[in-house]
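S.K.:
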Amino acid sequence: MARLIIDCRQAHWLLSRERDAPLRWSERLALRLHLRVCDWCSIVQRNFAFLSQAVRRLDR
Amino acid sequence: MPALAKDPAQQIAELRPMLLRIAQLQLRNHTWAEDAVSETIVAAVEGLPGFDAKSQIRTWVVGILKHKIIDQFRRRSREIQIEAQDQVAEPDALEQLFDDSGHRVSAPLDWGDPESHLERSEFFAILQACIDQLPAPLGRIFLLREWLDLDTEQICKEMKVTSTNCFVMLYRARLRLRECLDMNWFGVQGKGQNG
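Chains as they are written, first to last, in my numbering: chain A, 1 to 60; chain B, 1001 to 1195.
Here it is as structure tokens:
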């Protein structure tokens, strides 16, 4: 089982991976717990979402 | 007298620079991009009799290009596979974002309400330059996922890489692009260099 306390490096990795495939429940939980206390990773989460949105408009 | 609607074949031909820009960004090889675009234009012109006039020609032609790009990936899979494997084996410079305990060493820029930037062509020029700066395998895989909207299973199959390597490359591409936009767009907006 994945650890529930993760650092920013692991959080960044999971933030990227969750955009490509479903995470295991333990990974999802660890990520949510980290995001509750880490504003910096929450910013990165929003940035990744925006990147996806922007790239879809590259051909416009 | 009302202006005559433009000839659809002419409209398709006029899309060529945009199609080539996208194909080049995705395929990272000028010859492959030229091939994909030529095949797209031929298929579109030949398909005009079946084209639904209620749709936008541009959207329809971009849809054809996406298929032609995937065809190119299939044809060039061996070369692409080798480059991708080399890329994963390289250490990632973005490790410097984190300290020894795994925490970020500095705060990422908060982009605020970035949707308004989607209306600006200068933003897309910077985004395109940032994608272009990615190593070719990272740029390809990122656009396969985010622009062509392929799922990772399909991407692994097309690029002949393991799912773990696929996730690693997508992760590296996103982090690099995020940093590049911080440095070249969002980080300079407040300083009046772009806005």
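Even glycine gets a Cβ: it sits at the ideal position worked out from N, Cα and C.
1) For B/R1016, which residues from the same chain have a beta carbon less than 7 Å from its beta carbon, with the 5 sequence-adjacent residues on both sides left out?
2) Helix or strand or just coil, what does DSSP make of B/F1051?
3) DSSP beta-bridge partners for B/R1104?
4) So B/W1147 and B/Q1026 are supposed to be a Cβ contact under 8 Å. How far apart are they, rounded?
5) Which residues bound the alpha helix (DSSP H) around B/K1006?
6) For B/M1169, count neighbouring Cβ atoms within 10 angstroms of its own Cβ and tell me buried if that reaches 16, exposed if not.
7) Looking only at C-alpha atoms, which of B/E1153, B/S1163 and B/D1182 sits nearest to B/Q1110?
8) Take B/H1030 and list the residues in its own chain whose beta-carbon comes closer than 8 Å to its own, dropping the five residues that flank it on each side.
9) Does any residue of chain B bring its CB to less than 9 Å from the CB of A/R46?
10) Let's test the definition: count the other Cβ atoms within 10 Å of the Cβ of B/R1178 and tell me whether it reaches 16, buried, or not, exposed.
11) Answer with yes or no whether the minimum CB distance from A/R24 to chain B is below 9 Å.
12) Would A/R56 count as contacting chain B if we go by Cβ distances under 9 Å?
13) Which residues bound the alpha helix (DSSP H) around A/I43?
14) Closest to A/A11 by C-alpha separation, out of A/A21, A/D20, A/Q45 and A/W25, would be which residue?
15) Closest to B/S1077 by CA distance: which of B/L1048, B/E1014, B/R1172 and B/M1159 is it?
16) When you compare each of B/A1084, B/D1035 and B/G1050 to B/K1066 by their alpha carbons, which one comes out closest?
17) Can you find a C-beta in chain A that's less than 9 Å from the C-beta of B/N1194?
M.R.: Quick answer:
1) Closer than 7 Å at the Cβ level, and outside the excluded window around B/R1016, lie V1037 and I1041.
2) The answer is coil: DSSP assigns B/F1051 none of H, G, I, E or B.
3) Residue pairing by DSSP places B/R1104 opposite B/F1098 in a beta bridge.
4) The pair is a contact, with the Cβ atoms about 7 Å apart (cut-off 8 Å).
5) Note, B/K1006: premise wrong, no alpha helix (DSSP H); not H, not E.
6) With a 10 Å radius around the Cβ and a threshold of 16 neighbouring Cβ atoms, B/M1169 comes out buried.
7) According to the sequence displayed, residue 1110 of chain B carries Asp and not Gln. If we check each option's Cα against that of B/D1110, B/D1182 comes out closest.
8) For B/H1030, same chain residues with a beta-carbon under 8 Å away, outside a window of 5 residues either side, are Q1024 in chain order.
9) Under the Cβ criterion of 9 Å, A/R46 is counted among the residues facing chain B.
10) Buried, because 16 or more other Cβ atoms sit within 10 Å of the Cβ of B/R1178.
11) Taking 9 Å as the CB threshold, A/R24 stays off the interface with chain B.
12) True, the Cβ-Cβ gap to chain B drops below 9 Å.
13) D39 to V55 is the extent of the alpha helix (DSSP H) around A/I43.
14) Minimum Cα distance to A/A11 is reached at A/Q45.
15) It is B/M1159 whose Cα lies nearest to the Cα of B/S1077.
16) Closest by alpha carbon: B/D1035.
17) Annotation note: pLDDT 40 at B/N1194 (below 50); position unreliable, no value reported.
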